[in-house]
Amino acid sequence: MRRMVLATVLASMLALPACEDRDAQATWTQASGSVALSRDDAFLYVVDSDNGVLAVVDTARREKVGEVKVGLLPERVAVGPDDTVYVSNRGSRSVSVIRRGDWNEAARIAVGVEPVGLSVSPAGDTLYVVNSTALATSSHGSLMAVDTRSLSVRWELPVGDEPRGIALAQGGKRALITRFRQGDLVSVDLTDADRPRVVREQTDLYARANVRDNVAASPNGLSPRLPPADIRFQPRSMSSVAVTPDGERALATVMWAREDPLSPDGTPTAPSGGSLYGGGGPCNTGGVVAPGLVTFDTDTGSPRVDDLDRCRPPPDLSPDFPPSTIISPESTHPIQGPVAAVVDPTGLWAFVVNRETDNVAIIPTGRRSGSDLRSGLGSTVRQLVRVGSGPTGIAMTRDGRKAYVYNAFDHTVTTLVSDGAGGTANIRTDGAPLPIAGDVLAPNEVAGRKLFFSALDSRMASTSVGASCASCHPDGREDGHVWGFPDGPRQTPSLAGRSMTKTGPFHWSGEFSTMRDFLDATVRHRMGGTVLDGVMVAQLSDFIDVLPAPDNPHRADVLTDAQTRGEAVFRKAACDTCHGGAHFTLNTQADVGTFVTSGLLQDDPVVRKQGLNTPSLLGLARTAPYLHDGSAVSLKDRLMQGRESNRHGMTAQLTDTEVDDLVEYLLTL
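FYI, in mature numbering (1 follows the signal peptide of the UniProt record, and there is no 0) the residues of the sequence shown are -20 to -1, 1 to 649.
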């Protein structure tokens, strides 16, 4: 890989690229997330989700020169070879098209549900759009190909549950797509422009990251400071993927979540007194949620990942890729919430944007040691650069000498400049942040969002934990993960669109009667925060209440015949005796026969006696798997399990057709 990088750099300097490098350079992109640059770096394009606009910045004059109204909740931006700009409108099921120099929306393309990732083919004739779900079902997302001349959809391909990011490789012949909740990569063969095919739907990332062996000491002979042997880590929240300039590898941002029982300081046998989320992270990271960067080979889609309990690559891999866990080089300044990443033109450095700690981590892509790295702290981060609040994207100039980061919560752009070249990363901020837009949320909601997403604010979390509310509730939703709480297995519930503050008591066990009690326990006793006063509770509550519900492909203005019948079945089965009212919960405790009474992770006997708190059914279509322990893969799976017992509604009397109709109705909620 290093030989290829040097060849790329030399070829670029001589302006005589080798044939084998042209395909790689054609699909390398220097932008990720909410910002992108024009082909000549003259214009910076920034999408502001709150305001629903694409802002245009003249990079030479360092001023905003245009603003284009696009769809609802614009998420990402991409630029084609002809400098046409494309914006994914997550809240409008559409992509906006803007022509350079004409700062107006030229067209709007109808696509799937919650489109996010965008990429343009090297020839510029195809726009690839990643939809979080298909238009007809929430069971899978899709990759769409749009003809950029006619702006019509040529084909749509299912690519697994909740996909998000996309990168092209092999000269545009392969698409690499991140699965957000699953934490994995899908590989799609695009060789036949009209007949794409999924060549790898999932990888062995989880197995490779959780290899178990009997090694009792580290390679240097010292006793390793490692997590206990029964701790495993689940990849999730894989939102972004970037291909290196040589085209050989892809780097995907990820979060690692612990699967084993949690206890104060993070170890199964720890004494009481610590924060529940502190300690026991992979490779000695501070908390149970750790940021990561996973390397994949672009030709096979196979992950190159560390064995996380040993903090090193497996024996069959050379350590010529970044560590799979990002460890901060500063003990007082954590890293959390990676959402975007780019690789510089030399291929030597990855720039990772971390939304929950307001910083950019600069990491070598092919080594783990050197005098410029603070390896004594276990970190291979060369630099940690502070930016504004809630950064969501980065774009780098083609010479690698300047980069722009969008701070979504401040609505500003931070400019980064490089004082070094080639093998040296020496990055600093340049000038004051450039304002792009203003707040549209109420002041309390603005403050609440910053608290919700902050793993840096000491009032919310300690540096030894380094986690925010969003670490488990990405975008205010859920991560599909089951946590080993002291009272039993607890799947993360979605907060978005459920009027959560009005549905007390809180938590699966219903042990917190008020939102203040719940937030106090979560922030101070789990996350290690120090202060939670009435103002902060109000701010967090106000923000949670305005979190938009996920878009739902099953919902329409008029119910179908099957959905109408299912609504009647809902009442026939007495589902509304627990799931009643506007929020589809009466906030009662119930035992529906799902308690876990065997194995490593069991429900507490006191909770079994009292029952679980009835959750809201709003947004069911986008929150699989189901139940407090995540044991039901689908709604029908849940209804069929223990159907004859009548413990979860009066289901024994239902016919198979009625069960199907009930599922159709539940998916609309």
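Beta carbons: idealized from backbone N, C-alpha and C, even for Gly.
Where DSSP assigns a beta bridge to residue 69, which residues make up the other side? Residue mapping note: residue 69 aligns to position 89 of the sequence shown, counting from 1. Answer is 54, 74, bridged to residue 69.
Residue 190 in three-state terms, based on DSSP: If you number the sequence shown from 1, residue 190 lands on position 210. In this structure, residue 190 counts as coil in the three-state DSSP scheme.
For residue 654, the three-state DSSP class (helix, strand or coil): No answer is possible for residue 654: the residues shown for the chain start at -20 and end at 649.
Alpha-carbon spacing of residue 258 relative to residue 505, whole angstroms: As a working note, residue 258 is residue 278 in the sequence shown. As a working note, residue 505 is residue 525 in the sequence shown. Distance between the alpha carbons of residue 258 and residue 505: 10 Å.
Exposed or buried, what is residue 488 when buried is set at 16 or more other beta-carbons lying within 10 Å of its beta-carbon? Mapped onto the sequence shown, residue 488 falls at position 508. Buried.
When the distance is taken between beta carbons, is residue 51 closer than 8 Å to residue 69? Position 89 of the sequence shown holds residue 69. Position 71 of the sequence shown holds residue 51. Taking 8 Å as the Cβ cut-off, residue 69 and residue 51 qualify as a contacting pair.
Just checking: is the beta-carbon of residue 613 within a distance shorter than 8 Å of some beta-carbon in chain B? You won't find chain B in this structure, because it holds only one protein chain.
In terms of alpha-carbon separation, which member of 455, 531, 491, 649 lies closest to residue 161? Locating residue 161 in the sequence shown gives position 181, counting from the first residue. Residue 455 is the option with its Cα nearest to residue 161.
Taking Cβ to Cβ, would you say residue 433 is nearer than 8 Å to residue 450? Mapped onto the sequence shown, residue 433 falls at position 453. Mapped onto the sequence shown, residue 450 falls at position 470. Contact flag set, yes.
C-alpha distance - residue 472 paired with residue 240, whole-angstrom precision: As a first step, residue 472 is located in the sequence shown; it is residue number 492 there, counting from the start. As a first step, residue 240 is located in the sequence shown; it is residue number 260 there, counting from the start. Each residue's alpha carbon lies about 15 Å from the other.
Which full runs of the alpha helix (DSSP H) of 4+ residues lie inside the segment 308 to 383, going along the chain? none
According to DSSP, which residues form a beta bridge with residue 156? Here residue 156 is taken as the residue at index 176 of the sequence shown, counted from 1. Paired residues: 147, 167.
Would you mind working out which of 334, 329, 327 sits nearest residue 320, comparing C-alpha positions? As a first step, residue 320 must be located in the sequence shown, where it is residue number 340. Of the listed residues, the one whose Cα sits closest to residue 320 is 334.
Residue ranges of each beta strand (DSSP E) run of no fewer than 3 residues wholly in the segment 117 to 142, ordered along the chain? 122 to 127, 133 to 138
Considering only their Cβ atoms, is the gap separating residue 409 from residue 361 smaller than 8 Å? Translated into the one-based positions of the sequence shown, residue 361 becomes position 381. Translated into the one-based positions of the sequence shown, residue 409 becomes position 429. In this structure, residue 409 does not lie closer than 8 Å to residue 361 by Cβ.
Three-state secondary structure (DSSP) of residue 25: Indexing the sequence shown from 1 puts residue 25 at position 45. Under the three-state reduction of DSSP output, residue 25 falls in the strand class.
Taking the runs of the beta strand (DSSP E) that are 3 residues or longer, which of them lie wholly in the segment 424 to 477? 462 to 465, 468 to 471
Rounded straight-line distance, which links the Cα of residue 150 to that of residue 172: Within the sequence shown, the letter at position 192 stands for residue 172. Within the sequence shown, the letter at position 170 stands for residue 150. Their Cα atoms are separated by approximately 13 Å.
In three-state DSSP terms, what is residue 574? For the purposes of this step, residue 574 is taken as the residue at position 594 of the sequence shown. Coil at residue 574, not helix or strand.
Along the beta strand (DSSP E) that carries residue 213, what are the first and last residues, could you check? By 1-based counting over the sequence shown, the position of residue 213 is 233. Where residue 213 is concerned, the enclosing beta strand (DSSP E) stretches over 213 to 216.
Pick from 71, 189, 331: whose alpha carbon is nearest that of residue 304? Within the sequence shown, the letter at position 324 stands for residue 304. Ranking the options by Cα distance to residue 304, first place goes to 189.
Please check the pair residue 369 and residue 430, which I expect to be a contact at CB under 8 Å, by giving their CB distance rounded to whole angstroms. Here residue 369 corresponds to residue number 389 of the sequence shown, with the count starting at 1. Here residue 430 corresponds to residue number 450 of the sequence shown, with the count starting at 1. With 8 Å as the limit, residue 369 and residue 430 qualify as a contact, their Cβ atoms being about 6 Å apart.
Closest Cα partner of residue 255 within the set 57, 540, 441: Position 275 of the sequence shown, counting from 1, holds the residue named residue 255. Looking at the Cα atoms, 441 is the closest of the given residues.
Where residue 543 falls, given that 16 or more other Cβ within 10 Å makes a residue buried: Residue mapping note: residue 543 aligns to position 563 of the sequence shown, counting from 1. Looking at its Cβ environment, which holds 16 or more other Cβ atoms inside 10 Å, residue 543 is buried.
With a Cβ-Cβ cutoff of 8 Å, do residue 183 and residue 165 count as a contact? Within the sequence shown, residue 183 is the residue found at index 203, counting from 1. Within the sequence shown, residue 165 is the residue found at index 185, counting from 1. For residue 183 and residue 165, yes; Cβs fall inside 8 Å.
Reference residue 273; option with closest CA among 211, 105, 346: Along the sequence shown, read from residue 1 onward, the residue named residue 273 stands at position 293. When each option's Cα is compared against that of residue 273, the closest is 346.
Roughly how many angstroms separate the alpha carbons of residue 445 and residue 238, rounded to a whole number? To locate residue 445, count along the sequence shown from 1; it is residue 465. To locate residue 238, count along the sequence shown from 1; it is residue 258. Each residue's Cα considered, the two are about 13 Å apart.
If you reduce the DSSP assignment to three classes, tell me which class residue 298 lands in. Translated into positions along the sequence shown, residue 298 becomes position 318. Three-state DSSP puts residue 298 in coil, outside helix and strand.
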